[in-house]
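Below is one structure, written out as structure tokens; the observations come after it.
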Amino acid sequence: SISSLWVNQENTATESAEGAGEVQNGHSDPSNGCLCIGQALQNRDQMRANVINEIMSTERHYIKHLKDICEVPWSDHRDSSAQNQNSCHHCNQKYYYISSCYILSMITDCNQSFDYRYVAAALAVMRNVTQQINERKRRLENIDKIAQWQASVLDWEGDDILHRSSELIYTGEMSWIYQPYGRSQQRVFFLFDHQLVLCKKDLIRRDILYYKGRIDMDRYTVRDAIDGRDDDFNVSVKNAFKLHNRDSEEIHIFLAKKPEEKIRWLRAFHEERRMVQEDEKIGFEISEYQKRQAAMTVRKVAKQKGEATKRYQVNSTFFYFNSYDPSFSRCTFWEKAF
322 SISSLWVNQE NTATESAEGA GEVQNGHSDP SNGCLCIGQA LQNRDQMRAN
372 VINEIMSTER HYIKHLKDIC EVPWSDHRDS SAQNQNSCHH CNQKYYYISS
422 CYILSMITDC NQSFDYRYVA AALAVMRNVT QQINERKRRL ENIDKIAQWQ
472 ASVLDWEGDD ILHRSSELIY TGEMSWIYQP YGRSQQRVFF LFDHQLVLCK
522 KDLIRRDILY YKGRIDMDRY TVRDAIDGRD DDFNVSVKNA FKLHNRDSEE
572 IHIFLAKKPE EKIRWLRAFH EERRMVQEDE KIGFEISEYQ KRQAAMTVRK
622 VAKQKGEATK RYQVNSTFFY FNSYDPSFSR CTFWEKAF
């Protein structure tokens, strides 16, 4: 391209010189019949245009060669470059993560601050308040269940469960020996806060319970009993514990079926005392309005069950008579029944 540029320049220069001599000598173009005065200027513009075009063509080839040189190696290492870029991104994120962890660690070590103990005390109070609110809500939701359970126990005597208690802590079946009688009796025990309720199962229908008494837990202490001969009752005991009255010599002894069950009962009595102390500390109690609402709910449920039982008995009687008396009218039966 450089040689062609040089040839073009020589040809153009020769033609320009010849044309200039002709103009200076006053020669004319025989075909046109006039003097060639602008031919020198035209040849000079053509030479300039050829030079510019040649330079542009050379630059295009040069850029193409550079592009080929750059793209071939880059295409081979493009994947590795993207991977390295991702690694750099993760490294940057790790820096911020480590910085955040460091700041958090510094926050946890701020117990030397002058207002740390005040903030810690306020946080403890707020946590205690939220726990009390959640506990109160949970126990108030159990009031209806306790009232319904009491309504299902036959031969109930004395105050309602809700008069003193608000939660069932543990229940189970054990053998019970009371000091005046001195003989073992099988009972089902329900441990509420402040009281232990004793029930007896029906001999035929084991799901029916009869009320047999209660023990005021505020007047008793729980003591473990060693397996073997008991001095108070003069009987052999195993997996046993006792309830001692603080005001008198009254003693109750309970015999669990397994050692694990005995441990669960001892933990339940300990939890009952802890709950009572916590309620006294925060002033938790069930209002009279809430007790009345629970009683109304129980009566409403009992009424619905009674109506369902009555409809079942009426329908059973109707189908019984209708199966034996073809002339029996269902409408007549409903009129007589109601």
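Count along the sequence shown starting at 1, add 321, and that's the number in our numbering.
In this text, a Cβ means the ideal position worked out from N, Cα and C, and glycines have one as well.
Keep in mind the model is a prediction, meaning the values are calculated, not measured.
query, result
"Bridge-paired residues (DSSP) for F513", "L489 and Q516"
"Cβ-Cβ separation, L576 to D496 (assumed contact under 8 Å), whole Å", "In the sequence under discussion, the amino acid at residue 496 is Ser, which differs from the Asp named in the question. That belief holds up - the Cβ atoms of S496 and L576 are roughly 4 Å apart, short of 8 Å."
"Span separating the alpha-carbon of S349 from that of A370", "Interpretation of S349 is limited by its pLDDT of 46, a score under 50 that renders its predicted location unreliable; no figure is taken from the coordinates."
"N- and C-terminal bounds of the alpha helix (DSSP H) containing L444", "Y437 to E462"
"Proximity below 8 Å, CB of C520 to CB of L512", "no"
"For V556, the residue or residues it bridges with in DSSP", "D551"
"Cβ neighbour criterion (16 or more within 10 Å) applied to K385", "exposed"
"One or two residues paired with S495 in a DSSP bridge", "Inspection of the sequence shows that residue 495 is occupied by Met rather than by Ser. According to DSSP, M495 bridges with R508."
"Beta strand (DSSP E) segment containing A561, residue limits", "A561 to N566"
"Proximity of I572 and L483 at Cβ, strictly below 8 Å", "no"
"Residues that DSSP places opposite D480 in a beta bridge", "DSSP output for D480 lists no bridge partner at all."
"L425 Cβ short of 7 Å to the ligand ZN heavy atom set", "Summarising the ligand content, the structure contains no ligands, and the ligand ZN is consequently not present."
"Local Cβ density within 10 Å of I547, reported as buried at 16 or more and exposed below that", "exposed"
"I572 (DSSP reduced to helix, strand or coil)", "strand"
"Three-state secondary structure (DSSP) of L362", "helix"
"N364 to L387 span [Cα, whole Å]", "35 Å"
"Boundaries of the beta strand (DSSP E) in which L530 is found, first to last residue", "L530 to D537"
"Residue burial classification, E601 (beta-carbon count within 10 angstroms, cutoff 16)", "exposed"
"Where K583 sits in the DSSP three-state scheme", "helix"
"Closest residue to A616 among R448, W470, S378 and V556 (Cα-Cα distance)", "W470"
"Host beta strand (DSSP E) of D545 (start-end)", "Y541 to D545"
"Cα-Cα separation, V597 to A441", "27 Å"
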